[in-house]
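In this note's numbering, the protein residues as written are 372 to 463.
A virtual CB, placed ideally from N, CA and C, is assigned to each residue, including glycine.
No experiment lies behind these values; they were computed from the predicted model shown.
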């Protein structure tokens, strides 16, 4: 859930050759929780595109009533993506 100081940013989720607008609920260097109406299969590789932080690939690790969890590899690029997304969401 977005906190009062952080708005929920709209992003794009790319699944195969299709894309959909999604809401970024939370993000960290290890992954992201997104609100979405499309439900890719668990284990599927997807790309999350943030308007300011860029794009990152991850693997769908969980599905719940509100959306999906995407796991990142936790490397430097994933941490940079998460920090840039958080900063952008706090400053605009």
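Straight through space, the alpha carbons of residue 430 and residue 462 are spaced by roughly 28 Å. When the beta-carbon positions are compared, residue 422 and residue 451 stay at least 9 Å from each other.
Taking the Cβ atoms as the reference, residue 419 lies roughly 6 Å from residue 403, within the contact range of under 8 Å.
Of the residues 387, 455, 424, the one whose Cα lies closest to the Cα of residue 409 is 387. With at least 16 other beta carbons inside 10 angstroms of its own, residue 438 counts as buried. Residue pairing of residue 430 in beta bridges, as defined by DSSP: 416, 442. The beta carbon of residue 407 lies closer than 7 Å to those of 384, 391, 393, 438, 439 in the same chain, with the five residues before and after it left out.
In this structure, residue 401 places its C-beta atom within 9 Å of the C-beta atom of residue 449. Between residue 456 and residue 424, the C-beta gap is smaller than 9 Å, which places the two residues in contact.
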